[in-house]
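Asks: Numbering (the numbering used here), first residue to last: 473 to 764.
Glycine residues also receive a C-beta, built at the ideal position from the N, C-alpha and C atoms.
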Amino acid sequence: MTIMKTSLPRLFVCLFFLVNHVVAYANTLYVNDDASGNNDGTSWANAYLDLQSALTSATSGDDIWVAAGTYVPTTDTDRTATFQLKSGVAIYGGFAGTESTVSERDWATNTAILSGDIGAQGDDTDNSYHILTGSATDSSAIVDGFTLSKGRADGDSAAMQHQGGAMYNDAGTPTLKNLIFTDNFSQGNGAAMANWNGSDLTLSNATFSNNQAKGYAGAVFNKKSSPTLTDVTFESNRASVSGGGMYNQSQSSPTLTNVVFRGNRAYWAGAMINEYSSHAILNNVLFIVLCK
473 MTIMKTSLPR LFVCLFFLVN HVVAYANTLY VNDDASGNND GTSWANAYLD
523 LQSALTSATS GDDIWVAAGT YVPTTDTDRT ATFQLKSGVA IYGGFAGTES
573 TVSERDWATN TAILSGDIGA QGDDTDNSYH ILTGSATDSS AIVDGFTLSK
623 GRADGDSAAM QHQGGAMYND AGTPTLKNLI FTDNFSQGNG AAMANWNGSD
673 LTLSNATFSN NQAKGYAGAV FNKKSSPTLT DVTFESNRAS VSGGGMYNQS
723 QSSPTLTNVV FRGNRAYWAG AMINEYSSHA ILNNVLFIVL CK
């Protein structure tokens, strides 16, 4: 009994130390492409110049704050380069570069762009296959407050480089908020986003506009995946085959709430199509056809 009385306080001390040890290492990393300090990510003055450096350094529990600017996955010409999300890491965009809390930012005004325009600037043919990749993540991987543009998925189909120009997910369930997907391209499916194999992610307050797929799904392609979309707009997206806005395949059952499809085009099903035992759950969804 004496041993038990002596060891219990020691156990609580050890647990207290362990918890505080973990919390102490959760921190905020700063990114600003206009920073002029030490560029070690420790403050706005010393912010990393690129998001990739912050992602490499980040560990579970960290936040990454990104100031207005344009950020690419690589500064060279490697088209496979992507921003690979990490479980437990939250990436927030839309800061002016002076804020001390996430709630102070105005992401709509301070535009933070994640761009696939690597290589020759303005030449879309050498752009990244996927700007973001959320494969093998859980809901603690967060992306909030960005515009994703100029992804070009026109590579090897065997390597899945022909789908998901802005974002590709395979068995990933990240949390996505306050995003704009615009001017992305895929030679295959899902010009803006391709979700495969249980990528049951959540997406809220987002817009998909002017994305183009040569195959299916001008914006979002789902295969064996059932994402949840809330307060989302699909506008002026195009697919050469079917599903101008969304294409659901192979037992996909996405849930759409407060969603608008406006002016999307395809050879079949300009807004959305469900095939191969798929069905969408629709709550307050509006389909608008623009006639010329």
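On a CA-only basis, which of Ser612, Ala691, Thr547 and Leu527 is nearest Ala638? Give me that one, please.
Replies: Ala691
Asks: Considering Ser712, what are the terminal residues of the beta strand (DSSP E) in which it resides?
Replies: Arg710 to Ser714
Asks: I'd like to check one pair, Ala738 with Gly716: are the Cβ atoms closer than 8 angstroms?
Replies: yes
Asks: Taking buried to mean at least 16 other C-beta atoms within 10 Å of its own C-beta, is Asp628 buried or exposed?
Replies: exposed
Asks: Quick check on Ser749: buried or exposed, where buried means 16 or more other Cβ atoms within 10 Å of its Cβ?
Replies: Under this definition Ser749 is an exposed residue.
Asks: If you drop the 5 nearest sequence neighbours on each side, which residues of the same chain put their C-beta closer than 6 angstroms to that of His493?
Replies: Its pLDDT being 42, under 50, His493 is placed unreliably by the model, and nothing is read from it.
Asks: In angstroms, rounded to a whole number, what distance separates the CA positions of Leu728 and Tyr688?
Replies: 19 angstroms
Asks: Nearest by alpha-carbon distance to Pro649: which of Gln633, Trp668 and Phe618 is it?
Replies: Looking at the sequence itself, residue 649 is Lys, so the reference to Pro does not match. The shortest Cα separation from Lys649 among Gln633, Trp668 and Phe618 belongs to Phe618.
Asks: Leaving out five residues on either side along the sequence, give the residues of the same chain with a beta carbon under 7 angstroms from the beta carbon of Ser612.
Replies: Ser559 and Gly560
Asks: Nearest-angstrom Cα distance between Ser572 and Ala517?
Replies: 13 angstroms
Asks: Opposite Lys695 in the DSSP bridges: which residues?
Replies: Trp668 and Gln721
Asks: To which residues of the same chain is Asp595 closer than 7 angstroms at the C-beta, ignoring the five residues directly before and after it?
Replies: none
Asks: Round the Cβ separation of Asp578 and Gly566 to the nearest angstrom and send it over; I've been treating them as touching at under 8 angstroms.
Replies: 6 angstroms
Asks: Can you find at least 3 beta carbon pairs, one from the stretch 695-702 and one from the stretch 659-676, that sit closer than 8 angstroms?
Replies: yes
Asks: Who pairs with Trp537 in a beta bridge, going by DSSP?
Replies: Tyr502 and Tyr564
Asks: Ends of the beta strand (DSSP E) at Ala743?
Replies: Taken as a continuous stretch (DSSP letters only), Ala743 belongs to no beta strand (DSSP E), as it is neither H nor E.
Asks: Starting from the C-beta of Arg551, find all residues in its chain whose C-beta is less than 6 angstroms away, skip the five residues before and the five after it, and write them out in chain order.
Replies: Ser600 and Tyr601
Asks: Indicate the three-state DSSP secondary structure (helix, strand or coil) for Glu707 in the structure shown.
Replies: strand
Asks: Determine the burial state of Asp506: buried for a count of at least 16 other Cβ atoms within 10 Å of its Cβ, exposed for fewer.
Replies: Classification of Asp506: exposed, given that the 10 Å Cβ count is below 16.
Asks: With distances taken between CB atoms, is the gap from Ile590 to Thr549 smaller than 8 angstroms?
Replies: yes
Asks: Assign Ile745 to one of two classes, buried (16 or more other C-beta atoms within 10 Å of its C-beta) or exposed (fewer than that).
Replies: Buried, since its Cβ has 16 or more Cβ neighbours within 10 Å.
Asks: Report the three-state DSSP secondary structure of Ala678 (helix, strand or coil).
Replies: strand
Asks: Just to confirm my understanding: we take Gln723, look at its own chain, exclude 5 residues before and 5 after, and list those with CB closer than 8 angstroms. What are they?
Replies: Lys696, Tyr748, Ser749 and Ser750
Asks: Could you give the residue range of the alpha helix (DSSP H) that holds Leu673?
Replies: Neither: Leu673 is in no alpha helix (DSSP H) and is coded neither H nor E.
Asks: Is the beta carbon of Val544 closer than 8 angstroms to that of Ser587?
Replies: yes
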